[in-house]
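S.K.:
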Amino acid sequence: MRKYFFLIIIFISLVFGLYLFKSRIFKPQDLLKKHLTAQVAINSYRVESSSSDRPQATTTEVQFKNNRFYLKTDQFVIVDNTAYYKNASGQWQLAVLPLDQASAYNRFRPEVIRQNYQNYQINSKFEGQGKDKCGQLNCHKYFQTDASSSATRTFWFDNKEYLLRHDIFKLGEFTSENLYSYDNINIDIPL
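Numbering (the numbering used here), first residue to last: 39 to 229.
(1) Among Q182, I223, N224, which residue has its Cα nearest to the Cα of I206?
(2) Let me know if Q77 comes out buried or exposed under the rule of 16 or more other beta-carbons within 10 Å of its beta-carbon.
(3) Please determine, among E199, K163, Y83, the residue with the shortest C-alpha to C-alpha distance to K72.
(4) Who are the Cβ neighbours of A133 in its own chain at under 7 Å, not counting the five residues just before and after it?
(5) If you measure between the beta carbons of R84 and Y218, is that distance less than 8 Å?
(6) Quick check on the DSSP output: the beta strand (DSSP E) that includes A76 runs from which residue to which?
(7) For a test of your reading of the model: does the CB of D91 fall under 7 Å from any non-hydrogen atom of the ligand FAD? Yes or no.
(8) Taking just the CA atoms, how far does Q129 sit from L202?
(9) What is the rounded straight-line gap between the Cα of T96 and the Cα of E215?
(10) According to DSSP, is S82 part of a helix, a strand, or is it coil?
(11) According to DSSP, which residues form a beta bridge with L109?
(12) Under 7 Å Cβ to Cβ from G168, same chain only, skipping five residues before and after it: list those, please.
(13) From I227, C172, S186, pick the residue whose C-alpha is nearest to that of S162; which is it?
(14) Could you compute how far the alpha carbon of F64 sits from the alpha carbon of L70?
(15) Just reading off the beta strand (DSSP E) that S162 is part of, what are its end residues?
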């Protein structure tokens, strides 16, 4: 289940930005507003994640197309309630997820996350930290806190497309780090 913690964090951060922007709970600065506008317009991304308890990076791709939710790692592809996984010999196999597992994956769907935020009291603050390099790009750096949690998030978005490129979550001694990219993502059913 820890494997999916990253996905939850990613979706929450993306939808969190959409919710704040659309609900006008806060008046974002111009740069932050540009970032949130650009971020909610994307329909696919790749994230390389690592954490303090799992330092080896994992890559996950997410795509929304034809009203379907696709999620891909090196070992499995999930399309709505159907999973394709690699067996011991490296061949793809089909598995229809049991209802309880399919329901568990539904929580990653953007509309479910948006709905959960409709009733959630959000007390986040965003503090600009200036400009910083993120890979080959020049980025804007922000620090995010929430009055209802001790978790913090530092994130970077580029200064051309205003897309999220890097973020770091901290909660107590736990830290997770994510690197984002948006090019050449096309998740297909592997069979």
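Note that the Cβ used here is the ideal one computed from N, Cα and C, for glycine as well. If you're wondering where the values come from, they're calculated on a predicted model, not measured in any experiment.
M.R.: Straight from the coordinates:
(1) Working through the sequence shown from its first residue, we reach residue 206 at position 168. Taking only the C-alpha atoms, the option nearest I206 is Q182.
(2) Within the sequence shown, numbered from 1, the residue matching residue 77 stands at position 39. Q77 should be labelled buried.
(3) Here residue 72 refers to the residue found at position 34 of the sequence shown. Of E199, K163, Y83, the residue nearest in Cα terms is E199.
(4) In the sequence shown, counting from the first residue as 1, residue 133 sits at position 95. The beta carbon of A133 is closer than 7 Å to those of A121, Y123 in its chain, skipping five residues each way along the sequence.
(5) Here the question's residue 84 lines up with position 46 in the sequence shown. Here the question's residue 218 lines up with position 180 in the sequence shown. Yes.
(6) Along the sequence shown, read from residue 1 onward, the residue named residue 76 stands at position 38. No beta strand (DSSP E) contains A76, which is instead part of the alpha helix (DSSP H) from 68-78.
(7) Among the components of this structure there are no ligands whatsoever, and the ligand FAD is therefore not found.
(8) Residue mapping note: residue 202 aligns to position 164 of the sequence shown, counting from 1. Residue mapping note: residue 129 aligns to position 91 of the sequence shown, counting from 1. Spanning the alpha carbons of L202 and Q129 requires a straight line of approximately 34 Å.
(9) The residue labelled residue 96 in the question sits at position 58 within the sequence shown. The residue labelled residue 215 in the question sits at position 177 within the sequence shown. About 11 Å.
(10) If you number the sequence shown from 1, residue 82 lands on position 44. Here S82 carries a strand assignment [DSSP, helix/strand/coil].
(11) In the sequence shown, the residue the question calls residue 109 occupies position 71. Answer is V100, I116, bridged to L109.
(12) Counting from one through the sequence shown, the residue named residue 168 turns up at place 130. Correct list, in chain order: K179.
(13) Start at 1 with the first residue of the sequence shown, and residue 162 comes out as number 124. Ranking I227, C172, S186 by Cα distance to S162 puts S186 first.
(14) For this step, residue 64 is matched to residue 26 along the sequence shown. For this step, residue 70 is matched to residue 32 along the sequence shown. A caution first: F64 carries a pLDDT of 41, below 50, which makes its placement in the model too unreliable to give a value.
(15) Your numbering for residue 162 matches position 124 in the sequence shown. Per DSSP, S162 belongs to the beta strand (DSSP E) from 162-172.
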